[in-house]
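A.B. asks: Supplied in structure tokens, the structure appears directly below.
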Amino acid sequence: MNTRVHHTFDIALGARRYTGDGYLVAPARIARTGIQEYRAFELGLQGDPMRVVKVYRPPEEVFHPDAIASFRNLPLTNDHPPDGVSADNWRHLAVGTMFDPVRADDFLDGDVQVMDREAIANVEAGKVELSAGYSAIYDWTAGVTADGQQYEGVQRTIRGNHVALVNRGRCGPACRVSDSKPSHSTGATAMPIQITIDGIPFSLDEAAAAAVNNLTKKLADASASVADLNARLDRKIKIGGKSIALRDADEIEKEAGDQEEALEQAQKDAMTPAQRDAMVADWAEMLEGGKRIAPTVDAKGRTCAQYRREVIKSLYGDHKIIVDAVLSGKTLDAADDAILRQAFGVLSATVGAAPTNDSGARRDPVLDSLSQSMRANDATGSGQKTADSARTNFIDRMNGRA
Numbered sequence: 001m002n003t004r005v006h007h008t009f010d011i012a013l014g015a016r017r018y019t020g021d022g023y024l025v026a027p028a029r030i031a032r033t034g035i036q037e038y039r040a041f042e043l044g045l046q047g048d049p050m051r052v053v054k055v056y057r058p059p060e061e062v063f064h065p066d067a068i069a070s071f072r073n074l075p076l077t078n079d080h081p082p083d084g085v086s087a088d089n090w091r092h093l094a095v096g097t098m099f100d101p102v103r104a105d106d107f108l109d110g111d112v113q114v115m116d117r118e119a120i121a122n123v124e125a126g127k128v129e130l131s132a133g134y135s136a137i138y139d140w141t142a143g144v145t146a147d148g149q150q151y152e153g154v155q156r157t158i159r160g161n162h163v164a165l166v167n168r169g170r171c172g173p174a175c176r177v178s179d180s181k182p183s184h185s186t187g188a189t190a191m192p193i194q195i196t197i198d199g200i201p202f203s204l205d206e207a208a209a210a211a212v213n214n215l216t217k218k219l220a221d222a223s224a225s226v227a228d229l230n231a232r233l234d235r236k237i238k239i240g241g242k243s244i245a246l247r248d249a250d251e252i253e254k255e256a257g258d259q260e261e262a263l264e265q266a267q268k269d270a271m272t273p274a275q276r277d278a279m280v281a282d283w284a285e286m287l288e289g290g291k292r293i294a295p296t297v298d299a300k301g302r303t304c305a306q307y308r309r310e311v312i313k314s315l316y317g318d319h320k321i322i323v324d325a326v327l328s329g330k331t332l333d334a335a336d337d338a339i340l341r342q343a344f345g346v347l348s349a350t351v352g353a354a355p356t357n358d359s360g361a362r363r364d365p366v367l368d369s370l371s372q373s374m375r376a377n378d379a380t381g382s383g384q385k386t387a388d389s390a391r392t393n394f395i396d397r398m399n400g401r402a
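Just so we're aligned: 375 in the UniProt record's numbering is position 375 of the sequence shown, and the numbers increase by one with no gaps anywhere.
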């Protein structure tokens, strides 16, 4: 991966002379080939911001004609400006000029002319190292130099922007007025570090930039953790047949409450062993009676109520009077389970087993019930004959209560 990065590197200030106008002119060593060391945060790399990263400057890049030409007539600044030099800020930053760059063995030499009185005084006081501000494309292909030095990346397409007077250059005394090297010694003026936070550029010293980069990494890690947590909360679980996201606490609580109520109701509705035995006995008795009076009606797949209704329906044509007496004006489809049980019981007791009179003739249970009701009413003097009383007497007789 190739990345264009704005950076600095080394130069040296040699024998000095002064012009008639008081300018300071001196030969300068601008740059050199070989391995240069940077901090990871200077190159925008992830991980430990203070990790030392070795970068190789091959001769073919440092001495490329376009690279050399880019250092011709560069502005000289007193320390590095935070954003480089352009037409917008030159008048506020320039204290001199860099000119006539040329190759000298492994170095790029040239001349500097310091034109600002304060900057000249700084040089005379010992601020004699140079730092070249430039841009480069970083080719992060690791390798080993011809003399066996390992590196993590290569600087390519080097282009100069300015040359700065600094207290300590990356190239050391060999390259004076040079690329500022990260220093832990007191009194050294570190190169400003350009960082961008939320789209806004800032210029910070080395320690502050390292702290900010460290916090930025922690923020990125925290953001990743939050994103992972959100993804987990978006996962759905099934409760009672419903798929609910873990983040929907209210919905989970509601559904859990509904399931708890349903469980409580199911426990209430659960039969005791005695109730189960009674149900089985009732079912067996019903099937026995149903098969006897309506053998063509299949009980498979039907509830007790459905089976009783189908049996009654199959016998209704031949036993309409009996069934209607039990239904007491209701239709068979509208009859509830209690009435169906009564009608089924009456039919089980009468179909194929009707009682006889004293002469042995078959008796009609409905007529007997109606007759008994009439006699009872006459005995009380009411003279009222009702179908309801007849129906009641009839059912009682069928169930052995009369």
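Even glycine gets a Cβ: it sits at the ideal position worked out from N, Cα and C.
Would DSSP call G20 helix, strand or coil?
C.D. replies: The answer is coil: DSSP assigns G20 none of H, G, I, E or B.
A.B. asks: Can you check DSSP and say which residues form a bridge with T97?
C.D. replies: DSSP output for T97 lists P75, Q113 as bridge partner(s).
A.B. asks: Exposed or buried, Q150, counting other C-beta atoms within 10 Å across all chains shown (16 or more means buried)?
C.D. replies: Under this definition Q150 is an exposed residue.
A.B. asks: Taking the beta strand (DSSP E) that K54 falls in, what are its first and last residues?
C.D. replies: K54 -> beta strand (DSSP E) spans 52-57.
A.B. asks: Alpha carbons only, please: which of Y307, V53, R156, I293 is nearest the one belonging to L315?
C.D. replies: That would be I293, whose Cα lies nearest to the Cα of L315.
A.B. asks: Select from L24, E37, I158 the residue whose C-alpha is nearest the C-alpha of D116.
C.D. replies: Checking every option, the nearest Cα to that of D116 belongs to L24.
A.B. asks: Could you name each continuous alpha helix (DSSP H) segment of 4 residues or more that falls completely within the stretch 242-274, going from the start of the chain to the end?
C.D. replies: Runs of the alpha helix (DSSP H) inside the stretch 242-274: 249-269.
A.B. asks: May I have the straight-line CA-CA distance separating R17 from A146, to the nearest angstrom?
C.D. replies: Rounded to whole angstroms, R17 to A146 spans 39 Å at the Cα level.
A.B. asks: Going by C-alpha distance, which of I68, T19, G34, V311 is nearest D106?
C.D. replies: Of the listed residues, the one whose Cα sits closest to D106 is G34.
A.B. asks: Give every residue of the same chain whose Cβ lies closer than 6 Å to the Cβ of D234, excluding the five residues on either side of it in the sequence, and list them in chain order.
C.D. replies: Closer than 6 Å at Cβ, skipping near neighbours: A245.
A.B. asks: Nearest CA to the CA of L332: which residue from L347, E310, A349?
C.D. replies: Closest option to L332, Cα to Cα, is E310.
A.B. asks: List the endpoints of the continuous beta strand (DSSP E) containing T157.
C.D. replies: Unbroken beta strand (DSSP E) run through T157: 153-166.
A.B. asks: In chain order, what residues of the same chain lie with their CB nearer than 7 Å to the CB of T19, ignoring the 5 residues before and after it?
C.D. replies: Correct list, in chain order: V25.
A.B. asks: Can you give me the C-alpha to C-alpha distance between P59 and P65, rounded to a whole angstrom?
C.D. replies: Whole-angstrom Cα-Cα distance: 11 Å.
A.B. asks: Starting from L340, follow the alpha helix (DSSP H) in both directions and report where the run begins and ends.
C.D. replies: 337-350 is the extent of the alpha helix (DSSP H) around L340.
A.B. asks: Check whether the Cβ atoms of A305 and L340 lie closer than 7 Å to each other.
C.D. replies: In this structure, L340 lies closer than 7 Å to A305 by Cβ.
A.B. asks: Do you know how far the Cα of P82 is from the Cα of S135?
C.D. replies: Cα to Cα, S135 sits roughly 14 Å from P82.
A.B. asks: In whole angstroms, what is the alpha-carbon distance linking V112 and A132?
C.D. replies: Answer to the nearest angstrom: the Cα atoms are 12 Å apart.
A.B. asks: Is the beta carbon of G110 less than 7 Å from the beta carbon of A28?
C.D. replies: Yes. Within cutoff.
A.B. asks: Does the distance from the C-beta atom of G160 to that of F71 stay below 7 Å?
C.D. replies: Yes, these two residues count as a Cβ contact at 7 Å.
A.B. asks: I need the DSSP call for K217, collapsed to helix, strand or coil.
C.D. replies: Three-state DSSP puts K217 in a helix.
A.B. asks: Do I237 and E255 have their CB atoms nearer than 7 Å?
C.D. replies: No, the pair does not count as a contact, with Cβ atoms beyond the cut-off.
A.B. asks: I need the straight-line Cα distance from E152 to A69, nearest angstrom please.
C.D. replies: Answer to the nearest angstrom: the Cα atoms are 27 Å apart.
A.B. asks: Between the alpha carbons of N89 and N230, how many angstroms are there, rounded?
C.D. replies: Distance between the alpha carbons of N89 and N230: 47 Å.
A.B. asks: Leaving out the 5 sequence neighbours to the left and right, which residues in its chain are closer than 7 Å to A270 when beta-carbon positions are compared?
C.D. replies: Contacts found: none.
A.B. asks: If you count every other CB in all the chains shown that lies within 10 Å of the CB of V163, and 16 or more means buried, which is it?
C.D. replies: Per the 10 Å Cβ criterion, buried.
A.B. asks: Give me, in chain order, the residues of the same chain whose beta-carbon lies closer than 8 Å to that of F344; leave out the 5 immediate sequence neighbours on both sides.
C.D. replies: Once the five neighbours on either side are set aside, the close Cβ partners of F344 are M286, G289, G290, R308, V311, I312.
A.B. asks: On the CB-based measure, 16 or more other CB atoms within 10 Å of its CB, does I30 come out buried or exposed?
C.D. replies: Result: buried.
A.B. asks: Span of the alpha helix (DSSP H) holding Q306?
C.D. replies: It spans 304-315 - the alpha helix (DSSP H) in which Q306 sits, taken as one unbroken run.
A.B. asks: Look at A338 and L327 and say whether their C-beta atoms are less than 7 Å apart.
C.D. replies: Not closer than 7 Å, so no.
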